[in-house]
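These notes are about the structure you will find just below.
Protein chains in written order, with the working numbering: chain Y, 1 to 230; chain B, 1001 to 1493.
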């Protein structure tokens, strides 16, 4: 099995070099590009398994890069965004980015996001039984076990948990949840999603004050934070 | 005495004219009625040419002559025929009425001319004044031109601050006696012009009505202009003052707008130019940790580096956020936010702190979500936790508590409880941090954390407060609006 290849696009040489160096220590093979144009060229040439890109860059920016990559490929794209650029994040997700990470970020965070995306693209999420530390979601039997206790969920709660669990480590937007859980039913509001997620969290989290599984993503939706057991 | 001399000469002239007309009428043997008309025309002429007194005296003389020379018996002042009495009285009344009418009409014409001249003078003055005050700071120059125009020997313009005793001399010429200040203040208070004889003629103090208030006093000394004319001048000067104030204000607004634009562009540059190197530093520190982490001495330094660069980043971000909020470039976007997530994220932000100090989290079962901008709420919480950490003895836990507000059920109360020495009840919360910062010898940290927290909370319709807990230590409270969430749509699965 060859090393997964990652394309890093950022106009700052310091960030490029430290990210590529760190990725190398974790067994990833990485290419660096200084702007969107170079990034698109490198993508065509090398066909990487994942793209990490900044948004604000001179010339061809990150949004354009996402658009161009999405025309030809479904590889995971993680956006490096700046704080305060919340509308940028949402815009990037709309264009087809899979996740974002806010600068300044830690390498641990970045590697976790990369792992989550690699898992998704390797097709592991089709399993009907999801296992996380202290948590088993058995979708066939519609059964959830947390820390040895059975958790009784309503069908809506279970559907939400299934969507979040299958996308562990990635942000799931309100619109995603409404589309997948409520089948896009008219009049389903973000507040309805919040209501059901709130009751799901109360049942699921062993200590609701220190969440282990579900976190809100400000203005976006939710993220399942536990890492699946392979 | 020139005017009384002129009147005397005019009187003599009138008598001479009457004598000539009488002589001519006698020579031509005109009858009594013709003579009466001729005399009336003469009186009309005299009234046109002289004043009321002379024309009245001339009327009396004319009545005498008419009676003496033309009404029988001739050459006597007696009248036999009662018809002639009627003629004489009619003539007298007619001459009186003619005199009055003519003199009145002439007076009105003169007054109209004077008014026209006054208006023309004011008009040219206003043009002058407004041309001169088209820029800020030209008021003094304009005032001096006004004073010259109204023929003043000296004077000036004094504007009031918050009271009539706060006087700002905009322009002044000539001497300035000690009591002038009080006179000016008095005029300002009584809102009435003051006029009295001064050393160089008449002195007039005129209050200036600037935007409904007495904004100052125009002092005109030694001018011959009437008070009424000067009041009009004062009204013009007041307009000029108002105009200048308005221009100064709009210049200020313009400057503010420009400085705002500058602030925004600096903000943008600063946020980009600081965030990128800080990200690089943070990543490089982590990479250092991997390379040198095995060496305990290096690991210690790296921990300090990482914690401090984190803190620097947060401070910069906080300040940028506050600046963006202030300039309206950033509007908080509240959304229902579970306190548990706030606590979780705040602890993630303070990873190094969380490693050396235990946290105890307690959230009431019925605690509602907070309706708050989640990113700002985390920043507030991080600042409160950092401040609590600074005053707490090493190893003691920090408690993070969330519950419904005890009084106002539409609010959520989030508390950071420390086991530090508490606060001095008498001092303001901000001062608490100030004194601690001084004790630490760290002047640059003065209350910044709390001030940032308060600023960010205010933007979220929240409040931050500090108090002592009965069981020791302090409680930093963040009160926020509670979110109301209803299950709007129903299950489709």
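The beta-carbon is built from N, C-alpha and C at its ideal position, and this holds for glycine as well.
| Check | Outcome |
| --- | --- |
| Is there contact between the stretch 1161-1170 of chain B and the stretch 1267-1276 of chain B, where contact requires at least three CB pairs shorter than 8 Å? | no |
| According to the Cβ coordinates, are residue 1303 of chain B and residue 1352 of chain B closer than 8 Å? | yes |
| Please state whether the Cβ-Cβ distance between residue 1309 of chain B and residue 1278 of chain B is less than 8 Å. | yes |
| Which of the three DSSP states is assigned to residue 195 of chain Y in this structure? | helix |
| Pop quiz: residue 1038 of chain B and residue 1143 of chain B are said to be a contact at Cβ under 8 Å. What is the actual Cβ separation, rounded to whole angstroms? | With 8 Å as the limit, residue 1038 of chain B and residue 1143 of chain B do not qualify as a contact, their Cβ atoms being about 59 Å apart. |
| Roughly how many whole angstroms lie between the Cα atoms of residue 1064 of chain B and residue 1029 of chain B? | 18 Å |
| By Cβ distance below 6 Å, which residues in the same chain neighbour residue 1348 of chain B in space, the five residues on each side in sequence not counted? | none |
| In this structure, what does DSSP give as the bridge partners for residue 213 of chain Y? | The partner list for residue 213 of chain Y (beta bridge, DSSP) is empty, contrary to what the question assumes. |
| For chain B, is any of its Cβ atoms less than 8 Å away from the one on residue 146 of chain Y? | no |
| List, in order along the chain, the chain B residues whose C-beta lies closer than 9 Å to that of residue 15 of chain Y? | 1276, 1279, 1280, 1283 |
| Just to confirm before moving on: does the CB-CB distance between residue 1340 of chain B and residue 209 of chain Y stay below 8 Å? | yes |
| Output needed in chain order: residues of the stretch 1355-1379 of chain B with a Cβ under 7 Å from some Cβ in chain Y. | 1361, 1362, 1363, 1374, 1375 |
| Would you grab the beta carbon distance between residue 1044 of chain B and residue 1089 of chain B for me? Rounded to a whole angstrom, and I think it's under 8 Å. | Actually they do not touch by this definition, with Cβ atoms about 19 Å apart. |
| Does residue 1224 of chain B come out as helix, strand or coil in the three-state DSSP assignment? | coil |
| Taking C-alpha atoms, which residue in B:1301, B:1294, B:1130, B:1367 lies nearest to residue 1409 of chain B? | B:1367 |
| Could you name the residues of the same chain whose beta carbon sits closer than 7 Å to that of residue 1285 of chain B, not counting the 5 residues immediately before and after it, in chain order? | 1302, 1305, 1306, 1309 |
| How long is the line joining the alpha carbons of residue 1189 of chain B and residue 1109 of chain B, rounded to whole angstroms? | 39 Å |
| Please report the distance separating the alpha-carbon of residue 1231 of chain B from that of residue 1004 of chain B. | 32 Å |
| Does chain B have any CB closer than 8 Å to the CB of residue 18 of chain Y? | yes |
| Is residue 1371 of chain B helix, strand or coil when you go by DSSP? | strand |
| Could you confirm whether any beta carbon from chain Y is found closer than 8 Å to the beta carbon of residue 1323 of chain B? | no |
| Considering Cα atoms alone, identify which of Y:77, Y:145, Y:148 is closest to residue 117 of chain Y. | Y:77 |
| Verify the CB distance criterion: does residue 1440 of chain B have a CB-CB separation below 8 Å to chain Y? | Confidence at residue 1440 of chain B is low in this model, with a pLDDT of 45, below 50, so its placement is unreliable and the value that follows should be read with caution. It does not; no Cβ of chain Y falls within 8 Å. |
| Flag residue 6 of chain Y as yes if its beta-carbon sits less than 8 Å from any beta-carbon of chain B, otherwise no. | no |
| Does residue 1286 of chain B come within less than 8 Å of chain Y when only Cβ atoms are used? | yes |
| Relative to the alpha-carbon of residue 1172 of chain B, which residue among B:1243, B:1194, B:1185, B:1139 has its alpha-carbon at the smallest distance? | B:1139 |
| What are the boundary residues of the alpha helix (DSSP H) that residue 1055 of chain B is part of? | 1052-1065 |
| Going along chain B, which residues have a C-beta under 7 Å from residue 12 of chain Y? | 1276, 1280 |
| Does the Cβ of residue 152 of chain Y have 16 or more other Cβ atoms within 10 Å, making it buried, or fewer, making it exposed? | exposed |
| Can you find a C-beta in chain Y that's less than 8 Å from the C-beta of residue 1290 of chain B? | yes |
| Applying a beta-carbon distance threshold of less than 8 Å, which residues of chain B neighbour residue 82 of chain Y? | 1271, 1272, 1275 |
| State the start and end residues of the unbroken alpha helix (DSSP H) segment that holds residue 1312 of chain B. | 1296-1327 |
| Closer than 7 Å by beta-carbon distance: list the chain B residues that pair up with residue 106 of chain Y, in chain order. | 1282, 1286 |
| Should residue 1397 of chain B be flagged as near chain Y, meaning a C-beta pair shorter than 8 Å? | no |
| Suppose you measure from the CA of residue 20 of chain Y to the CA of residue 1418 of chain B; what does that come to, to the nearest Å? | 42 Å |
| Could you work out which residues of chain B lie near residue 57 of chain Y, taking near to mean beta carbons separated by less than 8 Å? | Within 8 Å Cβ-Cβ: nothing; residue 57 of chain Y doesn't reach chain B, min ~11 Å. |
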